[in-house]
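Residue numbers (my numbering), protein chains in the order written: chain A, 1 to 280; chain B, 1 to 280. Where is the CB? At the ideal position from N, CA and C, for every residue including glycine.
2 protein chains.
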Amino acid sequence: MIPQQLWVALPDSLVSDSNHLRGKTLKIGAVGRACSIFGVSRMYLYKDSSGNYEDDCGVIKKVLEYMETPQYLRKRIFGQVKALRYAGLLPPLRIPHHKLEIPLSKVRVGDLREGVVVRVGGKNLVDVGLSSLVPLESSMREGGRVTVIFTSQSPELRCRVARREEIKEYWGYVVKRAPSLGKLVRSAKANLTILASRKGKAISKIWLDLVGEVKDSRSIMLALGSPKRGVFEILSDEDMNPFQLSRFTVNTIPDQNTTTVRTEEALLASLAIVNLAINL
Amino acid sequence: MIPQQLWVALPDSLVSDSNHLRGKTLKIGAVGRACSIFGVSRMYLYKDSSGNYEDDCGVIKKVLEYMETPQYLRKRIFGQVKALRYAGLLPPLRIPHHKLEIPLSKVRVGDLREGVVVRVGGKNLVDVGLSSLVPLESSMREGGRVTVIFTSQSPELRCRVARREEIKEYWGYVVKRAPSLGKLVRSAKANLTILASRKGKAISKIWLDLVGEVKDSRSIMLALGSPKRGVFEILSDEDMNPFQLSRFTVNTIPDQNTTTVRTEEALLASLAIVNLAINL
Chain A
1 MIPQQLWVAL PDSLVSDSNH LRGKTLKIGA VGRACSIFGV SRMYLYKDSS
51 GNYEDDCGVI KKVLEYMETP QYLRKRIFGQ VKALRYAGLL PPLRIPHHKL
101 EIPLSKVRVG DLREGVVVRV GGKNLVDVGL SSLVPLESSM REGGRVTVIF
151 TSQSPELRCR VARREEIKEY WGYVVKRAPS LGKLVRSAKA NLTILASRKG
201 KAISKIWLDL VGEVKDSRSI MLALGSPKRG VFEILSDEDM NPFQLSRFTV
251 NTIPDQNTTT VRTEEALLAS LAIVNLAINL
Chain B
1 MIPQQLWVAL PDSLVSDSNH LRGKTLKIGA VGRACSIFGV SRMYLYKDSS
51 GNYEDDCGVI KKVLEYMETP QYLRKRIFGQ VKALRYAGLL PPLRIPHHKL
101 EIPLSKVRVG DLREGVVVRV GGKNLVDVGL SSLVPLESSM REGGRVTVIF
151 TSQSPELRCR VARREEIKEY WGYVVKRAPS LGKLVRSAKA NLTILASRKG
201 KAISKIWLDL VGEVKDSRSI MLALGSPKRG VFEILSDEDM NPFQLSRFTV
251 NTIPDQNTTT VRTEEALLAS LAIVNLAINL
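As structure tokens, this is what we get:
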């Protein structure tokens, strides 16, 4: 079976209800966790045109990327950045590519690790969080992050850049920016787009239809609005209606008892339901 | 249709992985939110016998009860308590009985409000968060929390204790302690008990069976373990196996990609799925 791609689209106003970086960081942490649990491979941050959330968007992207990076590469890649001031509060993701250090002698041919390319004496080496840098047989720019596969064992440890099909496990997410929700849905071209909205159809009413559609889709994008402005309001800025973009404009929490549901709560609940549909 | 009762059972070790009251408070906040979104009416905190979590259990109960109490009654009911030191960080629930103050003249016969009984000059009055105390036609002990229904309008505003069947909306939750998970499941006598466990059957495999069972159940209890010790480990302390208690021992997050799923994450995901089953 071809592995399914799961993408998530969130507004850049996601953390605008927290005044402080500490609160923003915790909220982003919950988003990173939810996406990792369910194996989201792409996260899009689209512009919510109700305000200028440029700074917040930078923080969201940086914090999400930091969470996704294996611990041993974080210092090398991020250094000291203001957006990461509260990164110590972030919950660990503990996803497959966040590997622990093992003795060089335990590395096997075919093992995968994330690394960063380093040039030493004209040679390409890669820092993969082991006790020494490992020669890299592929040519890559210095400082670039790579997934490598080991091609020979200790004491002649060597590796090359892994091909996508060699990665069988969940290998984290990338974070991209998008100009608007409407433009994103049209350009991303997911086989199935699900727009989560309180004003959408109750999930229970279109469940079987959704399950069938999920089966046929290699890529699924789940898009959410903010608690202040749902996808109906956000798309109206582009003179669009969610149903023009997808008949799967869905209320994933029918009969909610709280006045609002926070984006990170709606995200986790919606991903749980999409995951169930995928596994049925 | 008879309204369905949804109950949740959580271990008292729930917040033991946070060292600080601040972190514990935030985690409890997420639990209170998840239960409110999905209309949970009872929360049980059962003893996890892997340690002594008595102090934590007190904190969890206090914080959850605080969250559930309408803002205008909080000072009267809770005063200054150490467990509530970080209560300012808690997300508001915004559930139906968290009503705002309205002018006395706007109160209508049949309106419901939460209140606390106050005795003034030998008379029973009730503080319902309005600009004056309201005479109560029922006899209740002073300091007791009551749900009242208004029986006459301003300027002769009066109320009595509401009967359960007069409350049509979600009206919050109660928090109870339980000696152990096994004893709780046997004594609570829910029509359907769902034990969430990574080692349970994949939700996708027993979905239709669960949906059918949910339809026939007036009370549903969802029980979770802790990330450190799932329901299998916790029940083994009582020489029990989850399947002895319920054939619905279920992994609600099949194919999870993180090593562990936190209890508050599993709770929200599982409730989203139970809610879908209820609404199908």
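When the distance is taken between beta carbons, is residue j closer than 9 Å to residue i?
i: A:Arg-229; j: A:Tyr-46; result: no
i: A:Val-40; j: A:Tyr-173; result: yes
i: B:Arg-186; j: B:Gln-5; result: no
i: A:Leu-276; j: B:Ser-204; result: yes
i: A:Leu-90; j: A:Gly-144; result: no
i: B:Ser-13; j: B:Asp-48; result: yes
i: A:Tyr-66; j: A:Arg-76; result: no
i: B:Pro-227; j: B:Val-261; result: yes
i: A:Phe-78; j: A:Arg-108; result: no
i: B:Phe-248; j: A:Asn-257; result: no
i: B:Ala-223; j: B:Leu-10; result: yes
i: A:Trp-207; j: B:Leu-112; result: no
i: B:Glu-68; j: B:Leu-93; result: yes
i: B:Ser-50; j: B:Asp-237; result: yes
By Cβ distance, which residues of its chain are closer than 7 Å to residue i, with the 5 residues on each side in sequence left out?
i: A:Ala-202; result: Asn-251, Pro-254
i: B:Phe-232; result: Ser-197, Lys-199, Pro-242
i: A:Tyr-86; result: Leu-21, Arg-22, Thr-25
i: A:Leu-104; result: Leu-130, Ser-131, Ser-132, Ser-154, Leu-157
i: B:Ala-190; result: Trp-7, Ser-219, Ile-220, Met-221
i: B:Glu-264; result: Lys-27, Ala-30, Val-31, Ala-34
i: B:Gln-244; result: none
i: B:Tyr-53; result: Asp-12, Ser-13, Ser-16
i: A:Ile-234; result: Pro-11, Asp-48, Leu-181, Gly-225
Please work out which residues of its chain come closer than 6 Å, Cβ to Cβ, to residue i, disregarding the five sequence neighbours upstream and downstream, and give them in chain order.
i: B:Ala-83; result: Val-59, Lys-62
i: A:His-98; result: Pro-70
i: A:Ser-152; result: Arg-158
i: A:Ser-138; result: Arg-160, Val-161
i: B:Glu-142; result: Val-117, Arg-119
i: B:Tyr-44; result: Ala-9, Lys-176, Ala-178, Leu-184
i: B:Asp-127; result: Gly-115, Val-116, Val-118, Leu-133
i: A:Leu-195; result: Ala-223, Val-231, Pro-242, Ser-246, Thr-249
i: B:Glu-213; result: Leu-192
From which residue to which residue does the alpha helix (DSSP H) around residue i run?
i: B:Pro-11; result: B:Pro-11 -> not in any alpha helix (DSSP H); beta strand (DSSP E) instead, spanning 5-11.
i: B:Val-109; result: Per DSSP, B:Val-109 belongs to no alpha helix (DSSP H) and is neither H nor E.
i: B:Arg-22; result: 21-37
i: B:Leu-267; result: 263-279
i: A:Leu-235; result: 231-236
i: B:Lys-215; result: 207-215
From which residue to which residue does the beta strand (DSSP E) around residue i run?
i: A:Asn-241; result: From DSSP, A:Asn-241 is part of no beta strand (DSSP E); its letter is neither H nor E.
i: A:Val-285; result: Outside the shown range of chain A (1 to 280) lies residue 285 of chain A, about which nothing can therefore be said.
i: B:Ile-220; result: 219-224
i: B:Leu-45; result: 42-46
Identify, in the order they occur along the chain, each residue of the same chain with its Cβ nearer than 8 Å to the Cβ of residue i, setting aside the five sequence neighbours on each side.
i: B:Pro-179; result: Tyr-46, Lys-47
i: A:Pro-96; result: Glu-169, Tyr-170, Trp-171
i: A:Leu-125; result: Val-117, Val-118, Arg-119, Leu-133, Val-134, Pro-135, Leu-136
Chain A contacts from the segment 242-256 of chain B (Cβ-Cβ distance under 8 Å): Thr-252, Ile-253, Pro-254, Asp-255, Gln-256
Proximal residues, the segment 166-185 of chain B versus chain A, C-beta separation under 7 Å: Tyr-170
Completely contained alpha helix (DSSP H) runs for the segment 59-144 of chain B, where each covers 4 or more residues: 71-78
Entirely enclosed beta strand (DSSP E) segments - the segment 159-199 of chain B, minimum 3 residues: 174-178
Near-chain A residues of the segment 37-49 of chain B - C-beta to any C-beta below 8 Å: Ile-37, Phe-38, Gly-39
The segment 213-230 of chain A: positions lying closer than 8 Å to chain B by Cβ: Taking 8 Å as the Cβ-Cβ cut-off against chain B, none of the residues of the segment 213-230 of chain A qualify.
Interface positions of the segment 72-91 of chain A facing chain B (Cβ-Cβ less than 9 Å), listed along the chain: Per Cβ criterion, the list reads Leu-89, Pro-91.
Within 8 Å of chain B by C-beta, residues of the segment 258-276 of chain A in sequence order: Those would be Thr-258, Thr-259, Thr-260, Val-261, Arg-262, Glu-265, Leu-268, Ala-269, Ser-270, Leu-271, Ala-272, Ile-273, Asn-275, Leu-276, in chain order.
Residues from the segment 20-34 of chain A in contact with chain B, defined by Cβ distance under 9 Å: Gly-23, Leu-26, Ala-30, Arg-33, Ala-34
Positions along the segment 92-117 of chain A whose CB lies within less than 8 Å of some CB in chain B: Leu-93, Arg-94, Ile-95, Pro-96
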